[in-house]
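>
2 protein chains.
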Amino acid sequence: MHANWKTWAHVTKLDPDKHLPPGAVEEIVTSGTDALMLSGTLNVTQENLRELLDMVSAYGLPLVVEPASPDCAIFDGEVDHLFVPSVMNTSDARWIIGKHYAWLRNSGSINWDIVVPEAYIVLNPASAVGRVTGADCTLAKEDVAAFVGVADRYFRFPIVYIEYSGTYGDPDIVRAASDAIEHAILYYGGGIRSAEQAAEMGSIADTIVVGNAVYEDGIDVLRATVRAVQ
Amino acid sequence: MHANWKTWAHVTKLDPDKHLPPGAVEEIVTSGTDALMLSGTLNVTQENLRELLDMVSAYGLPLVVEPASPDCAIFDGEVDHLFVPSVMNTSDARWIIGKHYAWLRNSGSINWDIVVPEAYIVLNPASAVGRVTGADCTLAKEDVAAFVGVADRYFRFPIVYIEYSGTYGDPDIVRAASDAIEHAILYYGGGIRSAEQAAEMGSIADTIVVGNAVYEDGIDVLRATVRAVQ
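Quick look at the structure:
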């Protein structure tokens with residue numbers, strides 16, 4: 001197993017449904033980012049996940065698959081971790097426990113050594129993950145703090161993930177999440193497209209996740225976000 | 001704090017909504033049971049919970065309150081533990097996470113040192129807890145094992161509770177639950193009204209819970225269930 005995920009400051013999220021130009025993978029893996037997370041909400045299949053995995057696996061950087069559905073949680077032996085999310089702020093039990101149940105129900109044995117449970121708090125209602133999971137994104141600081149407390153103290157999730165997917169979040173909300181955490185590692189993801197934003201969220205969360213910038217802003221922006229937190 | 005709850009073999013569940021005859025409390029606390037759990041699904045109020053607590057608290061036996069709603073989770077300093085349940089086999093998110101969220105959202109600080117999260121798998125559809133939580137009780141062994149796995153390995157509940165509330169369960173189902181557990185303590189509750197039943201479920205689960213027998217069969221039956229597991 002690769003380096004301890006608890007020490008990562010910067011994770012780059014790659015979407016199996018998005019196209020990377022030639023040479024991009026080499027630039028990303030040498031950007032200084034601590035790990036690659038292969039993750040997407042829509043149109044992720046075993047095939048495009050496999051294709052992306054084949055593109056990135058030779059470089060020795062820690063690899064995480066974050067499955068959106070049980071059929072993508074199958075890459076034991078090829079990845080360092082499966083980060084398996086559960087959405088806290090939804091009333092749709094499928095995204096809290098239902099898919100996890102189906103995963104265990106239909107799997108042979110699961111290699112729990114590589115599984116890291118993640119509590120997601122989804123805060124962009126217009127994002128794919130917000131729409132698909134029916135998350136209640138109209139949360140005040142106090143509401144987020146309560147969900148974080150349940151995730152951290154009651155369910156004992158090792159990761160709490162504040163997910164603004166596609167849009168830059170409210171630092172006050174992320175700070176409320178950080179203040180409410182006793183044990184978990186706090187992830188922030190969403191809309192980081194500059195060194196300043198990376199530094200701001202990186203000063204509050206333990207780990208920042210940069211995704212769209214890779215596809216839309218290029219390698220220089222990715223490198224700047226790395227430098228801002230390391 | 002009292003003796004480690006992980007070592008309890010026999011717990012007696014008392015319902016604040018039910019009447020105990022004079023002298024019954026003294027007989028119960030001297031029966032050899034390891035702890036008293038104050039718990040009910042219907043008509044539990046701060047008042048009748050307080051009344052029952054006052055009746056039992058002088059005897060030095062470990063006391064647990066298992067709140068069915070956040071307003072009954074208030075007896076810090078007077079009880080050894082709050083066992084806080086979450087129902088795994090329901091599609092109603094309120095019983096998985098919603099009430100827990102409301103508890104944290106509306107509480108000042110919570111004394112997490114006394115909180116023990118419990119994963120409930122509810123298997124009697126005709127019981128109050130089955131009806132109120134909308135639990136899907138038509139589960140095969142493999143289904144129960146999958147819910148137990150999610151509770152134990154994914155959510156990391158310290159207690160998994162197989163709840164047949166009011167009716168004696170299927171030992172094969174309880175055995176499937178036991179086989180699926182890696183870390184958690186397994187509780188069995190439901191319909192134990194004889195030494196034979198106590199011995200049978202006690203040989204599979206770590207802890208058996210006896211409830212209705214106290215009210216309907218008397219102290220000799222309670223004592224017999226204690227002797228059967230100790």
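If you read the sequences in order, they're chains A and B. Quick note on our numbering: the first sequence kicks off at 1 and runs consecutively. Quick note on our numbering: the second sequence kicks off at 1 and runs consecutively. The beta-carbon is built from N, C-alpha and C at its ideal position, and this holds for glycine as well. Just so it is clear, the structure is predicted and the values come from calculations on it, not from any experiment.
Expressed to the nearest angstrom, what Euclidean distance is found between the alpha-carbon atoms of Glu216 (chain B) and Pro158 (chain B)?
Answer to the nearest angstrom: the Cα atoms are 31 Å apart.
> Rounded to whole angstroms, what is the Cα-Cα separation between Asn43 (chain A) and Leu82 (chain B)?
Taking the straight line joining both Cα atoms gives about 43 Å.
> Is there a Cβ from chain B that is less than 7 Å from the Cβ of Pro67 (chain A)?
Answer no: the Cβ-Cβ gap between Pro67 (chain A) and chain B never drops below 7 Å.
> Let me know if Lys13 (chain A) comes out buried or exposed under the rule of 16 or more other beta-carbons within 10 Å of its beta-carbon.
Lys13 (chain A) should be labelled buried.
> Using 7 Å as the threshold, is the C-beta distance between Ser91 (chain A) and Ala93 (chain B) below it?
Yes.
> Does the beta carbon of Val150 (chain A) come closer than 7 Å to any beta carbon on chain B?
So yes, Val150 (chain A) belongs to the interface.
> Which residues does DSSP list as the beta-bridge partners of Asp92 (chain B)?
Answer is A:Asp92, bridged to Asp92 (chain B).
> Under 7 Å between beta-carbons, which chain B residues line up against Leu104 (chain A)? List them in chain order, please.
Chain B residues near Leu104 (chain A): Ala146, Gly149 and Val150.
> If you scan the segment 36–67 of chain A from start to end, which runs of the beta strand (DSSP E) of 3 or more residues do you find wholly inside it?
Within the segment 36–67 of chain A, the complete beta strand (DSSP E) runs of at least 3 residues are 63–66.
> Is the number of C-beta pairs between the segment 130–140 of chain A and the segment 201–211 of chain A that are closer than 8 Å three or more?
Verdict: no, contact absent.
> Under 7 Å between beta-carbons, which chain B residues line up against His100 (chain A)? List them in chain order, please.
By Cβ distance, chain B contributes Val150 and Tyr154.
> Determine, using beta carbons only, whether Ser86 (chain A) and Ile96 (chain A) come nearer to each other than 7 Å.
Yes, Cβ-Cβ distance for Ser86 (chain A) and Ile96 (chain A) is below 7 Å.
> So that I know if they touch, is there some Cβ in chain B lying closer than 7 Å to that of Ala232 (chain A)?
What the structure shows of chain A is the stretch from 1 to 230, and residue 232 (chain A) is not part of that stretch, so it cannot be assessed.
> Within 10 Å of its beta-carbon, does Trp161 (chain B) have 16 or more other beta-carbons around it, so buried, or fewer, so exposed?
Checking the sequence, you will find Tyr at residue 161 (chain B) rather than Trp. That one is buried.
> Whether or not the segment 25–45 of chain A and the segment 61–73 of chain A are in contact is what I'm after, with contact meaning three or more pairs of Cβ atoms, one per stretch, closer than 8 Å; do they touch?
Because the criterion of three Cβ pairs below 8 Å is met, the segment 61–73 of chain A and the segment 25–45 of chain A touch.
> Please return the same chain residues whose Cβ sits closer than 7 Å to the Cβ of Lys6 (chain B), not counting the five positions on each side in sequence.
Correct list, in chain order: Ile185.
> Under 7 Å, do Ile181 (chain A) and Asp152 (chain A) count as touching if we go by C-beta distance?
For Ile181 (chain A) and Asp152 (chain A), yes; Cβs fall inside 7 Å.
> I'd like to confirm something about Val122 (chain B): is its beta-carbon nearer than 6 Å to some heavy atom of the ligand COA, or not?
Absent from the structure shown: the ligand COA. Ligands present: none.
> Does Lys13 (chain B) come out as helix, strand or coil in the three-state DSSP assignment?
Note: Lys13 (chain B) maps to strand in three-state DSSP.
> By the DSSP assignment, the alpha helix (DSSP H) with Thr207 (chain A) in it spans what residues?
Counting along the chain, Thr207 (chain A) falls outside any alpha helix (DSSP H), though it belongs to the beta strand (DSSP E) covering Thr207 to Val210.
> Can we say the segment 47–58 of chain B touches the segment 16–27 of chain B, given the rule of at least three CB pairs closer than 8 Å?
The segment 47–58 of chain B vs the segment 16–27 of chain B: in contact.
> Determine, for Pro117 (chain A), whether the minimum Cβ-Cβ distance to residues of chain B falls below 7 Å.
Interface residue, yes.
> Grouping DSSP H, G and I as helix and E and B as strand, with all else coil, what is Tyr101 (chain B)?
The answer is helix: DSSP assigns Tyr101 (chain B) an H, G or I state.
> Applying the 10 Å Cβ sphere with the 16-neighbour rule, what's the burial state of His100 (chain A)?
With 16 or more other Cβ atoms within 10 Å, it is buried.
> Can you tell me the Cβ-Cβ gap for Thr167 (chain B) and Asn106 (chain B), rounded? I've got them flagged as a contact below 8 Å.
Not quite, the Cβ-Cβ distance comes to about 35 Å (not below 8 Å), so this is no contact.
> Just the C-alpha distance for Gly23 (chain A) and Val214 (chain A), rounded to the nearest angstrom, thanks.
C-alpha separation (whole angstroms): 13 Å.
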